[in-house]
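Structure first, then comments.
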Amino acid sequence: MSTQDDDMPLAILHTDEDHGPAPEKAGFLPIETNWFDRVFISVVIWVALSLFWFRFMEPAGLTIWISNAIALALACLIVTRG
Amino acid sequence: MHPNKLGWLLLAPTMLILFLFGVVPFFYVIWVSFHQWNPFAADPSMIFNWASNYRQLVFDAQFMASLGVTLAFVFFAVLSELVIGYLLAQAFMKDFPGKAFFRTIHTLPLIMAPIIVGSIWKLMTTPSIGIIPSLLDSWFGYNLNIGQSAMAAFITTVVMDIWHWTPLVTLSLIAALVSLPADPFEQAQIDGANKRQIFWHITLPMIRPAIIATVFIRLMDAMRTVDEVLMLTGGGPGSATRYVGVHIFKEVFPRTNYGYGSAISVIVLYLTIVVCWLLYVGLIAPRNTKKG
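Taken in order, these protein sequences are the chains called A and B.
Taking our numbering, the leading residue of the first sequence gets 1, the next gets one more, and so forth.
Taking our numbering, the leading residue of the second sequence gets 83, the next gets one more, and so forth.
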């Protein structure tokens with residue numbers, strides 16, 4: 001008895017793989033990442049940098065927007081080349 | 083109907099419920115954390131205050147202290163549960179008289195509500211009426227008083243957590259051990275491997291996914307422990323057992339400081355995700371060697 005998969009052409013069977021997880025790539029980060037990993041790492045760094053800024057840099061008169069700009073630049077770098 | 087469309091249609095109710103009860107409250111807590119909000123005050127409106135709650139949080143010595151004791155609690159509790167859970171799982175893999183009875187008895191703490199566990203441990207550790215101070219005094223001459231000794235209170239909360247949650251670790255590891263194939267173990271024995279080598283080179287790598295999943299579950303749970311500890315010590319003595327969950331509870335409910343409590347909750351969630359991610363990267367990533 002043939003199953004539904006037996007009747008399908010090979011090209012159709014392979015279409016599911018096309019919609020699988022995002023492809024991983026090797027950048028300057030020490031681990032292989034896909035785009036979601038790199039966005040996640042960027043958000044983690046942004047939050048950590050903001051808390052550090054609130055605690056140590058803002059009392060010295062440096063506004064939080066500088067931290068946000070650094071985090072945004074880092075995020076662009078990580079997402080494109082990480 | 084296309085199979086994909088039917089699949090999405092069948093998933094839709096679950097996704098809708100997840101969205102309503104998971105995603106919406108998550109973003110609502112983030113939204114509240116950027117506000118000053120006391121719904122029981124004369125003016126119950128939410129006042130947007132940018133990141134003032136987060137600014138206040140990094141200077142809050144009590145929060146920092148609670149974060150420190152929480153991380154210590156999580157480390158000792160989860161590590162102990164993992165070791166004891168594995169030893170128990172190995173013990174339950176062997177046949178001995180009354181095995182089914184002991185396996186049932188040892189899982190009973192799992193079905194108890196945390197508030198009940200806290201109440202029972204409070205009764206058991208209260209000086210003059212509790213069985214634990216009485217036994218410790220008669221056996222070792224040690225006077226256990228978790229209302230006075232910060233270290234005793236901390237250790238008692240760790241032991242209580244171990245007692246409550248080790249069965250979960252045991253059950254997970256039993257499931258992992260039962261599913262292992264016999265061939266690698268037989269081959270290792272034929273090759274002359276001893277028990278230590280079999281454990282390090284065969285058992286441990288093969289049950290690693292189960293260990294990681296169990297550690298993640300326990301870690302996330304231990305980071306937000308509230309009711310057991312609140313019932314047992316109330317966060318005391320002083321702030322010795324004021325874990326972040328207890329800190330949030332005391333900040334939100336008695337003081338009705340919802341904005342600040344939400345900010346602490348978001349940071350605790352952030353820390354939990356980061357710790358889990360670091361563990362995942364540290365334990366899984368080395369296996370997937372980087373290409374290029």
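Built from N, CA and C at the ideal position, the CB exists for glycine as well.
Open item on the list: Which residue wins for smallest C-alpha separation from Val44 (chain A), given the options B:Ile366, B:Gln118, B:Leu351, B:Gln269?
Closed with: B:Leu351
Open item on the list: Ignoring anything shorter than 4 residues, give me the alpha helix (DSSP H) runs that lie fully in the segment 212 to 247 of chain B, in order along the chain.
Closed with: 213 to 222
TODO: Per DSSP, which residues does His117 (chain B) bridge with? Please list them.
DONE: Answer by DSSP bridge pairing, in chain order: B:Phe130.
Open item on the list: What residue range does the alpha helix (DSSP H) around Val140 (chain B) cover?
Closed with: Segment: none, Val140 (chain B) is in no alpha helix (DSSP H) and carries neither H nor E.
- [ ] Please name the residue in A:Met57, A:Val47, A:Ala60, A:Ala75 whose C-alpha comes closest to that of Ala55 (chain B).
- [x] One cannot answer for residue 55 (chain B) here, as it falls past the ends of chain B, which runs 83 to 374.
Open item on the list: Looking only at its chain, what residues have a beta carbon closer than 8 Å to the beta carbon of Arg278 (chain B), apart from the 5 residues adjacent to it on each side?
Closed with: If we look at Arg278 (chain B) and ignore the five residues flanking it on each side, it has no Cβ neighbours.
Task: Cβ-Cβ distance between Ala171 (chain B) and Thr248 (chain B) below 7 Å - done: no
Task: Alpha-carbon spacing of Gly316 (chain B) relative to Asp125 (chain B), whole angstroms - done: 31 Å
- [ ] Report yes if the CB atom of Tyr310 (chain B) is closer than 7 Å to the CB atom of Pro196 (chain B), and no otherwise.
- [x] It is Glu, not Tyr, that sits at residue 310 (chain B) in the sequence shown. It is a contact, given that the beta carbons lie within the stated cut-off.
- [ ] Output yes if chain A places a C-beta closer than 7 Å to the C-beta of Val105 (chain B); else output no.
- [x] So no, Val105 (chain B) is outside the interface.
Open item on the list: For Leu74 (chain A), which residues in the same chain have their Cβ closer than 7 Å to its Cβ, ignoring the five residues on either side in sequence?
Closed with: Ser42, Ile45
Task: Below-7 Å beta-carbon distance, Arg137 (chain B) vs any chain A residue - done: yes
Open item on the list: Here's the rule: buried if 16 or more other CB atoms are within 10 angstroms of the residue's CB, otherwise exposed. What is Leu226 (chain B)?
Closed with: buried
Open item on the list: For a test of the three-state rule: what should DSSP assign to Leu194 (chain B), helix, strand or coil?
Closed with: Note that residue 194 (chain B) is Met in the sequence shown here, rather than Leu. Of the three classes helix, strand and coil, the one that applies to Met194 (chain B) here is coil, per DSSP.
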